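What follows is a set of notes on a single structure, which appears directly below.
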DNA sequence: TGTTAATTCTG
DNA sequence: AGAATTAAC
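In our numbering, the protein residues as written are 1 to 660.
Below is the structure:
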């Protein structure tokens with residue numbers, strides 16, 4: 001259809017040639033220049049972590065070689081301003097059109113909107129596609145045309161949409177290369193010397209790249225999928241799909257995953273293979289959660305940094321860098337937690353169950369602000385994914401309408417025996433506990449001195465005592481082992497904190513500098529600016545306009561019916577009456593002695609969540625600032641947990657700025 | 001077959 | 001943690 005110029009195909013997190021609608025359309029339109037732009041500074045706090053960058057590096061190399069075999073190659077650009085780099089690329093290639101696939105993270109929503117405006121203004125035709133989801137977020141609405149606010153309803157609708165997700169596309173047979181002679185590639189640097197050594201091990205376990213993703217998918221579907229349900233609770237089971245990093249970078253398309261899994265589903269349904277059916281449903285649900293994370297991100301572009309429910313707004317999170325560090329290093333004294341955190345650090349990978357366990361402990365027992373934990377996950381996970389991780393942490397924190405209740409606190413010891421009944425997982429990652437009998441492996445603090453001695457363990461030196469103690473009175477096997485000698489301090493969670501609490505002087509000092517040298521310990525940056533704005537905004541009536549991001553105007557849709565689905569309704573109250581939880585679990589604080597050496601100035605302080613975010617590198621993004629002062633909705637009472645039913649309302653945020 | 005204890009599930 | 005389902009008695 002196009003005239004003379006070639007087309008740009010802008011690759012982002014869709015690093016595949018198979019079932020890539022933007023690529024397919026670009027190829028159909030004529031000659032193509034494929035581009036990848038590396039502008040990590042634009043991600044602000046969410047500059048990709050070491051292992052994530054390692055993956056990206058290899059995935060790009062893989063894509064490039066595929067493109068070469070098809071007749072072109074990948075142009076790579078280093079940039080600090082993606083949009084202007086795009087403009088340059090367009091000019092230097094004489095392109096008249098640009099094709100890319102949609103993304104739904106907050107940074108991309110803003111950036112892509114701006115790209116469309118700028119490029120369109122220059123006479124470039126912009127086409128964007130759905131390549132990341134079964135259905136675009138704006139296609140899935142309830143009977144009133146409003147977005148869903150709970151996962152189950154959302155997923156049910158996805159599975160019963162009047163039309164199926166698009167079928168996967170084959171790779172192009174051949175690509176006619178556009179003129180790249182005046183558009184030189186930059187060499188992209190994804191790791192520095194200090195990181196190279198740590199990354200070397202990754203290649204043993206993982207093979208990035210779209211065709212490897214495809215192999216992994218096939219292997220999973222023909223193998224472990226059948227037992228997915230049965231094996232789901234083993235901490236170290238090798239029966240998950242291991243597709244998440246592939247999916248994050250779009251090396252394999254969810255539609256293809258969905259397609260192939262459904263074939264199995266039909267097959268097993270016919271055979272009345274119940275285990276198989278159950279497994280398929282469970283696995284599809286995890287695909288659905290990924291979908292939902294994009295859905296949430298699109299409808300609530302702040303969900304990676306703000307709770308969706310406001311009822312914990314004034315909960316006094318524990319701001320303690322010593323706890324945070326102990327958690328990161330796997331030195332909390334709870335074996336399952338520590339094993340998980342050491343695995344994460346060593347491999348960039350954790351079984352989903354362990355992610356839940358470890359983050360749950362972080363939020364419910366240590367009571368640290370979830371955004372810290374999420375940031376650490378972001379920095380260390382091989383499959384770090386902003387939307388999925390935000391959903392996960394909000395789920396754990398109890399700030400989703402259908403998340404875990406905030407006062408549900410799982411006991412680490414019982415979770416240990418649940419997910420690692422024989423202690424194998426703990427022993428693998430905590431060699432210092434290797435000789436401890438299974439009976440004590442998940443609660444060494446109860447073990448008789450003789451047993452510890454025989455196992456070569458000296459609590460407090462060899463392996464830490466629990467940094468925070470949990471009242472064992474609630475233990476089921478309540479053998480009344482108690483909690484050792486230390487006196488537990490009952491912490492009565494405040495139930496009514498005046499609104500003006502914590503009006504500390506704004507601490508806007510950009511960085512306090514690094515405090516210590518362990519695993520890339522973050523310096524702490526505050527942005528109390530935003531907190532103050534939030535607080536003043538509490539007075540505002542609930543009049544904030546709907547928050548969802550703009551629906552792309554030039555979406556390519558096949559069915560006309562998909563087009564209408566743009567609605568602007570307010571989020572509805574989801575939870576009925578909220579009863580005031582009684583926060584009176586008993587927790588002993590013993591961090592003071594243990595962690596003073598490292599977190600000198602900060603003994604346990606309790607603060608509101610929101611202001612302090614750990615960052616590895618100073619934020620260079622203007623993105624965060626862009627939202628400073630935006631109203632975030634609903635609170636009307638001064639207690640952190642309101643008694644009124646409408647307290648459980650999803651927060652609204654103002655729609656994204658329409659003027660780039 | 002009724003009551004209760006145990007287990008499982010929850011995005 | 002609490003609801004719901006299942007096993008046990």
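By construction, the Cβ of each residue, glycine as well, lies at the ideal position given by its N, Cα and C atoms.
Note that the structure is a prediction, hence the values are computed from the model and not measured.
* To do: Could you check the C-alpha separation between residue 221 and residue 239 for me, to the nearest Å?
  => Counted from its first residue, the first chain places residue 221 at position 221. Counted from its first residue, the first chain places residue 239 at position 239. Residue 221 and residue 239: Cα-Cα distance of roughly 11 angstroms.
* Taking contact to mean at least 3 C-beta pairs separated by less than 8 angstroms, is the stretch 116-123 in contact with the stretch 137-149? -> no
* To do: For residue 324, collect the residues of the same chain with a Cβ closer than 7 angstroms to its Cβ; drop the 5 residues on either side in sequence, then sort them by chain order.
  => Counted from its first residue, the first chain places residue 324 at position 324. So the qualifying residues of the chain are 368 and 372.
* Per-residue DSSP class, three states only, for residue 10 -> Residue numbering aside, residue 10 sits at position 10 when the first chain is read from its first letter. It is a strand residue.
* **Given 8 angstroms, three or more beta-carbon pairs between the stretch 88-105 and the stretch 196-207** => no
* Asked: Which residue's Cα is closest to the Cα of residue 229: 130, 294, 266 and 285?
  -> Your numbering for residue 229 matches position 229 in the first chain. Ranking 130, 294, 266 and 285 by Cα distance to residue 229 puts 285 first.
* Asked: Apart from the five residues on each side of it in sequence, which residues of its chain come closer than 8 angstroms, Cβ to Cβ, to residue 17?
  -> Start at 1 with the first residue of the first chain, and residue 17 comes out as number 17. If we look at residue 17 and ignore the five residues flanking it on each side, its Cβ neighbours are 23, 63, 66, 67, 70, 171, 172 and 210.
* Asked: Which one or two residues does DSSP pair with residue 38 in a beta bridge?
  -> Residue mapping note: residue 38 aligns to position 38 of the first chain, counting from 1. The partner list for residue 38 (beta bridge, DSSP) reads 78.
* **For residue 301 and residue 6, the rounded distance between their alpha carbons** => Within the first chain, the letter at position 6 stands for residue 6. Within the first chain, the letter at position 301 stands for residue 301. Approximately 34 angstroms between the Cα atoms of the pair.
* **Three CB pairs or more closer than 8 angstroms across the stretch 335-350 and the stretch 126-146** => no
* Evaluate contact between the stretch 348-366 and the stretch 246-262, counting only Cβ atoms and requiring at least three cross-stretch pairs below 8 angstroms. => no
* Asked: For the beta strand (DSSP E) that residue 128 lies in, which residues bound it at each end?
  -> As a working mapping, residue 128 is identified with position 128 in the first chain. Here the beta strand (DSSP E) through residue 128 covers 125-129.
* Asked: Does the separation of the CB atoms of residue 277 and residue 134 fall below 8 angstroms?
  -> Your numbering for residue 277 matches position 277 in the first chain. Your numbering for residue 134 matches position 134 in the first chain. The answer is no: Cβ separation not under 8 angstroms.
* To do: Could you tell me which uninterrupted alpha helix (DSSP H) segments, each at least 4 residues in length, are contained entirely in the stretch 395-479, listed from first to last along the chain?
  => 412-419, 424-429, 438-441 and 449-454
* Residue burial classification, residue 478 (beta-carbon count within 10 angstroms, cutoff 16) -> In the first chain, the residue the question calls residue 478 occupies position 478. In this prediction, residue 478 has a pLDDT of 33, which is less than 50 and means its spatial position is unreliable; what the coordinates show is noted afterwards. Burial call: exposed.
* Asked: Could you give the residue range of the beta strand (DSSP E) that holds residue 101?
  -> Stepping through the first chain from its first residue, residue 101 is reached at position 101. First-last of the beta strand (DSSP E) with residue 101: 97-101.
* To do: Alpha carbon to alpha carbon, how far is residue 340 from residue 667? Give it in angstroms, no decimals.
  => Residue 667 falls outside the range modelled here, since the chain spans only 1 to 660, and no answer is possible.
* To do: With DSSP collapsed to three states, give me the class of residue 206.
  => Position 206 of the first chain, counting from 1, holds the residue named residue 206. Three-state DSSP puts residue 206 in coil, outside helix and strand.
* Asked: Nearest-angstrom Cα distance between residue 14 and residue 105?
  -> Along the first chain, one-based indexing puts residue 14 at 14. Along the first chain, one-based indexing puts residue 105 at 105. Distance between the alpha carbons of residue 14 and residue 105: 14 angstroms.
* To do: Would you kindly work out how many angstroms separate the C-alpha atoms of residue 72 and residue 177, rounded to a whole number?
  => Residue 72 sits at position 72 when you count from the first residue of the first chain. Residue 177 sits at position 177 when you count from the first residue of the first chain. So the two alpha carbons sit approximately 5 angstroms from each other.
* Does DSSP classify residue 229 as helix, strand or coil? -> Here residue 229 refers to the residue found at position 229 when the first chain is read from its first residue. Residue 229: coil per DSSP, three-state reduction.
* To do: Can you check the stretch 288-336 for any beta strand (DSSP E) of at least 3 residues that lies completely inside it and give the ranges in chain order?
  => 316-319
* Determine which residues share a DSSP beta bridge with residue 65 and list them. => Counted from its first residue, the first chain places residue 65 at position 65. DSSP, once it has assigned bridges, lists no residue as partnering residue 65.
* Asked: What does residue 32 pair with, by DSSP beta-bridge criteria?
  -> One-based indexing of the first chain puts residue 32 at position 32. In the DSSP output, where bridge partners are listed per residue, residue 32 has 7 and 177.
* To do: Rounded to whole angstroms, what's the CA-CA distance from residue 294 to residue 109? Just pull it up for me.
  => Position 294 of the first chain holds residue 294. Position 109 of the first chain holds residue 109. So the alpha carbons of these two residues sit roughly 11 angstroms apart.
* Asked: In angstroms, rounded to a whole number, what distance separates the CA positions of residue 458 and residue 437?
  -> Residue 458 sits at position 458 when you count from the first residue of the first chain. Residue 437 sits at position 437 when you count from the first residue of the first chain. Approximately 15 angstroms between the Cα atoms of the pair.
* To do: For residue 469, count neighbouring Cβ atoms within 10 angstroms of its own Cβ and tell me buried if that reaches 16, exposed if not.
  => Here residue 469 corresponds to residue number 469 of the first chain, with the count starting at 1. Burial call: buried.
* Asked: For residue 37 versus residue 91, is the C-beta distance shorter than 8 angstroms?
  -> For this step, residue 37 is matched to residue 37 along the first chain. For this step, residue 91 is matched to residue 91 along the first chain. No; because the gap between Cβ atoms is not below 8 angstroms, this pair is not in contact.
* From residue 34 to residue 8, what does the alpha carbon distance come to, in whole angstroms? -> Sequence index remark: in the first chain, residue 34 carries index 34 (1-based). Sequence index remark: in the first chain, residue 8 carries index 8 (1-based). Taking the straight line joining both Cα atoms gives about 6 angstroms.
* **Environment of residue 460 [buried if 16+ CB atoms lie within 10 Å]** => Position 460 of the first chain holds residue 460. By the 10 Å Cβ count, residue 460 comes out exposed.
* Taking all protein chains shown into account, do 16 or more other C-beta atoms lie within 10 angstroms of the C-beta of residue 180, making it buried, or fewer, making it exposed? -> Numbered from its first residue, the first chain carries residue 180 at position 180. It counts as buried.
* Asked: How many whole angstroms separate the CB atoms of residue 41 and residue 80, which I take to be in contact at a CB cut-off of 8 angstroms?
  -> For this step, residue 41 is matched to residue 41 along the first chain. For this step, residue 80 is matched to residue 80 along the first chain. Indeed, because the Cβ distance is near 5 angstroms, the residues count as touching under 8 angstroms.
* the stretch 380-393 contacting the stretch 405-412, beta-carbon criterion three pairs below 8 angstroms -> no
* To do: Put residue 376 into one of helix, strand or coil per three-state DSSP.
  => Position 376 of the first chain, counted from the first residue, corresponds to residue 376. Helix at residue 376.
* To do: Out of 113, 351 and 87, point me to the one whose CA is closest to residue 123's CA.
  => Against the first chain, residue 123 aligns to sequence position 123. Nearest of 113, 351 and 87 to residue 123, Cα basis: 87.
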